[in-house]
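Chemist: Start counting the sequence shown at 968; every next residue gets the next number (the working numbering). All C-beta atoms in this analysis are idealised placements derived from N, C-alpha and C, irrespective of residue type, glycine included. Handing you a structure now.
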Amino acid sequence: MSLVELIARADERSLAASGLACLDRCVPLLGGDDEVLRPLWGALADGAREGGSRDGSGDGSGDGWAGRLERVRAALAAAGPDGAAEDEAALLARRMLGAAPPAPSAAGVREWADVCSVASLRIHRLLDPAEDPAPVDSRREGRTDGMSPLVAAELRRQIAVLELLAAPGPADAGLSRALAVSTEGRRVLRAVVSRRARGRV
């Protein structure tokens, strides 16, 4: 099944986790540390354990998705470049964060997941030294011949996350496995960003 088909079939929780996973892998471009998005993963896990909170509010304390999202945005705004112009890859990552829905069940969560999927693939294409000859949309539709290595790996991770979230079993277990896939991808991208920064010195 292609990535486009998986997104079309995914439920709200899976869509929110898919978008969050894409953003998580791109956090190195925003200057964030490896734990900065953990509160949002926690909000999704809380909702999964409680049977799927419609608004992501968790225990009703007001410390659900919306509150944690605002703190994440503030943290990443402070971690961003100090007055320096961001390049295209970083701008794409920042737009992913800016477009995050106010709740994981919000009407726009499917659109957000789709936007994050495209943006993350474009980011990996921008950072890949090898050229990828085909449009990102064709890759998402399943046409994968001649893909550049970094883009191919990101496509595989996006598919793996959605498949893990759709698999039978406890919802929070699927989230945990999806987070592990995303963590691996973030480490890869952090290394790429670091090499690129050294090359500019």
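If you draw a straight line from the C-alpha of A1051 to the C-alpha of P1137, how long is it?
Modeler: Summary for A1051: the model assigns pLDDT 46, below 50, so the residue's position carries little reliability; its value from the coordinates is reported in the next sentence. About 44 Å.
Chemist: Taking the C-alpha atoms as reference points, what is the distance between A1119 and A975?
Modeler: Using only the alpha carbons, I get a separation of about 21 Å.
Chemist: Could you tell me the distance, in whole angstroms, from the CA atom of V1059 to the CA atom of G998?
Modeler: According to the sequence shown, residue 1059 is Leu rather than Val. Distance between the alpha carbons of L1059 and G998 is about 14 Å.
Chemist: Taking 8 Å as the threshold (C-beta atoms), are V1160 and A1127 in contact?
Modeler: Contact: no.
Chemist: Hey, would you say A1067 sits closer than 8 Å to L1043, going by beta carbons?
Modeler: Cβ distance not < 8 Å, so A1067 and L1043 don't count as in contact.
Chemist: How big is the Cα-Cα spacing for L1156 and C993?
Modeler: For L1156 and C993, the distance between alpha carbons rounds to 7 Å.
Chemist: Output the distance between the C-alpha atoms of R1162 and I1090, rounded to the nearest integer angstrom.
Modeler: Roughly 15 Å separates the two Cα atoms.
Chemist: From which residue to which residue does the alpha helix (DSSP H) around D1081 run?
Modeler: First-last of the alpha helix (DSSP H) with D1081: V1076 to L1094.
Chemist: Can you tell me the Cα-Cα spacing of P1006 and D991, whole angstroms?
Modeler: So the two alpha carbons sit approximately 12 Å from each other.
Chemist: Quick one, which of L970, A1010 and G1109 has its alpha-carbon nearest D1139's?
Modeler: When only C-alpha atoms are compared, the closest one is A1010.
Chemist: Using 8 Å as the cut-off, can you tell me whether the segment 1073-1086 makes contact with the segment 976-989, which would need three or more C-beta pairs spanning the two stretches below that distance?
Modeler: Segments in contact, yes.
Chemist: Between which two residues does the alpha helix (DSSP H) containing L970 stretch?
Modeler: It spans L970 to R976 - the alpha helix (DSSP H) in which L970 sits, taken as one unbroken run.
Chemist: Taking Cβ positions, are E1130 and L1093 nearer each other than 8 Å?
Modeler: No. Outside cutoff.
Chemist: Are the CB atoms of L970 and L987 within a distance shorter than 8 Å?
Modeler: No. Outside cutoff.
Chemist: Could you please give the first and the last residue of the uninterrupted alpha helix (DSSP H) stretch that includes P995?
Modeler: Unbroken run through P995: none, as it is neither H nor E.
Chemist: Do A1070 and A1033 count as a contact pair if the criterion is CB distance below 8 Å?
Modeler: Yes. Within cutoff.
Chemist: Exposed or buried, what is D1049 when buried is set at 16 or more other beta-carbons lying within 10 Å of its beta-carbon?
Modeler: Below a pLDDT of 50, predicted positions are generally treated as unreliable, and D1049, at 45, falls in that range; the measurement from the model is reported next regardless. Label assigned to D1049: exposed.
Chemist: What does the Cβ neighbour count give for R1154, buried or exposed, with the cut at 16 atoms within 10 Å?
Modeler: That one is exposed.
Chemist: Near V1124, which residues of its chain fall below 6 Å by C-beta distance, leaving aside the five closest residues on each side in sequence?
Modeler: For the sequence presented, residue 1124 should be read as Arg rather than Val. Closer than 6 Å at Cβ, skipping near neighbours: V1148 and G1152.
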